[in-house]
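1 is the number of the first residue of the sequence shown in full-length UniProt numbering; add one for each residue after it.
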Amino acid sequence: MSIWGINFFESENAIYAFITALLALLTILGLLFKGFQWVYRLVKPTPPTINELERKAVVESHSTLNETVKKQNQEIEALSQRIKELTSQQERAELSTENKAELHRLLGEKEVLIAQRDRELAEQADRLAEKEQEAEAYKVAAEEKGALVERQGAELWGQRERIALLEAQIAQFIKETAARPTENPYTEDARALVKEQKLDQAIQTYDQAIAQEQVAYDQAEANTQARKQALAEAYFEKAKVHFMKFEWTQAEAAYQAALELEPNNSLFLNQLGELYWQLQRNQDAIGLFNQALEIDRQTLGEESEMVARGLNNLGNSWNDLGVHQKAIDYYKQALKICRKVLGEEHPDVATALNNLGEALRQLGEPQKALDYYQQALKIDRQVLGEEHPSVARYLNNLGLAWNALGDPQQAIDYFKQALKIFRQVYGEEHPSVATTLNNLGLAWRDLGDPQQAVDYYEQALKINRQVYGEEHPSVARNLNNLGEAWNDLGDHSKAREYLEKAYQIRLKAYGPDHPHTQAALNNLNQTPTESG
């Protein structure tokens, strides 16, 4: 019988050679095992993080160790079998005395080696088990954190996915993009994701579309106009999705990138202008609206929906700047075009009527404003139904008009109707909800209940800070109103704190001469420096 090429039954020398080879093999195995330990210590994983991949690596390392131990056990089993054969020969008195002593020594070393191996493997297994438990704990923590974030996102954003405003924006988006076919598969996929209201995924897909279009544009001979338009369109559509999500900074950057490629695109100019108007950067908005209006008049003529839109946008910005008569002139022009082009019962006609009412109310003519608001409300109830955001907006404005006419209880009734619709449509965290809460505060203060007013103002302030940040005019309005209410309650120190913040925001947003800034400064100056 021959094992590993050596015949151990020819003579005692053969047995001695076998034992020598066995010792050498065990020594090599010991060195290999020590080498394995050293390499393991060198490359052993760092303390786990919440990354699932690291946990997987720890588990795989444990699996690798099990395979190594399995192989070592197989080799030791083979050696044990051979030692058993030699022991059998010894029992038959076929081994010399010297070889017997060597065999006994070998057996002892084997037992020591096995014990050492088992002890070290047990320690390593404990360490791996500990790391695996740590990784599992991190994984659980990560899952809990992810679940919390998901719940919070569902409370804020999940509701927003079903709001009518978003649906209207998406419907408009689909209508616009349908008229502009694309050959970019990423753009097609992104549009489909927008239609499904998967806006985060759509933004990521638009990034892929932009990257592909940028390469095509860079490689095109003389940077062809078609390639430029495709790249600009990808930026523009991405910006619109950011706008839907109230991600103002990202939307602005994408709109500007589109306009750098196509500076005379009236649609791009209007959209960026509407973003600036939303952020109360009205002077910037007016410049863009004027550019867009001039282009549309030249290309579409005086009587088109786009021209009416541009006139309406200019009216919005001038109205926010306090130049109400100029705003009224623009609104009247927009209303005339809308009625001629779209007919009497169209949502755009209702919008123009409502805007006229807003400018008149702010100009100090709430009775005239009531008539325009009621016309707008009648149209949208017939066309859009009872629970549409536009209906809620007109109800809210009717409340403002009634409050200005000295009937705050009537105003509260309208505000509550509007608030109910806004909450159903938008959820709790939306600017329209904040606006209506603020208006309820105004009415309750006029009814002589400043504490009730404070409660509504604080709710509105919380929402506007979340949506717009700390330095938006809507935040300033809530702060100013809180200051006035605390003055009514006799806490002038707290009132001054709110009024000072409101003044600083309006000063930065409007400049020192704007009526809103002057009103905030006047409120601050009239507030005593000590509570009393």
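No residue lacks a Cβ here, since even glycine has one placed at the ideal position from N, Cα and C.
These figures come from a predicted structure and were not determined experimentally.
Taking residue i as the reference, which of the options has the closest Cα?
i    : options                   : result
Q452 : E428, K462 and L482       : L482
A476 : A485, W486 and R465       : R465
D449 : K416, K420 and N487       : N487
P515 : K326, H472, G322 and Q504 : G322
Y372 : N397, N264 and E303       : N397
F422 : R393, D446 and N313       : R393
N313 : E303, V454, A327 and S304 : A327
L447 : A352, Q375 and N403       : N403
Q169 : D218, P185 and R191       : R191
T205 : D218, E196 and Y186       : Y186
A308 : K332, G490, G287 and Q172 : K332
L461 : D491, G399, A443 and H430 : H430
Q278 : A171, L499 and V467       : V467
L311 : A401, D320, A292 and Q298 : A292
L489 : G469, Y503 and D455       : D455
R180 : E305, A226 and T517       : A226
E233 : Y457, L395, E386 and A178 : A178
P528 : E497, E470, Q256 and Q518 : E497
A485 : L342, Y510, Q504 and W444 : W444
Exposed or buried, what is residue i when buried is set at 16 or more other beta-carbons lying within 10 Å of its beta-carbon?
i    : result
L300 : exposed
P408 : buried
K340 : exposed
G273 : buried
P512 : exposed
Q367 : exposed
Q362 : buried
V425 : buried
A220 : exposed
V194 : buried
I174 : exposed
G406 : exposed
L524 : buried
K508 : exposed
A251 : buried
A171 : exposed
P263 : exposed
T517 : buried
Using a threshold of 8 Å, state whether the C-beta atoms of residue i and residue j are closer than that.
i           : j    : result
A434        : S390 : no
residue 560 : L275 : Any answer about residue 560 is impossible in this case: the structure gives the chain only from 1 up to 532.
I412        : L440 : yes
A495        : R506 : no
T182        : E176 : no
A334        : G315 : yes
I210        : K238 : yes
A359        : C338 : no
N438        : N480 : no
E428        : I379 : no
residue 533 : A258 : Residue coverage of the chain in this structure runs from 1 to 532, which leaves residue 533 outside it and unanswerable.
Q214        : L199 : no
D296        : S266 : yes
G399        : A376 : no
A418        : L395 : yes
*asked:* Quick check: the region 239 to 248 against the region 282 to 290, are at least 3 beta-carbon pairs closer than 8 Å?
replied: With contact defined as three or more Cβ pairs closer than 8 Å, the region 282 to 290 and the region 239 to 248 are not in contact.
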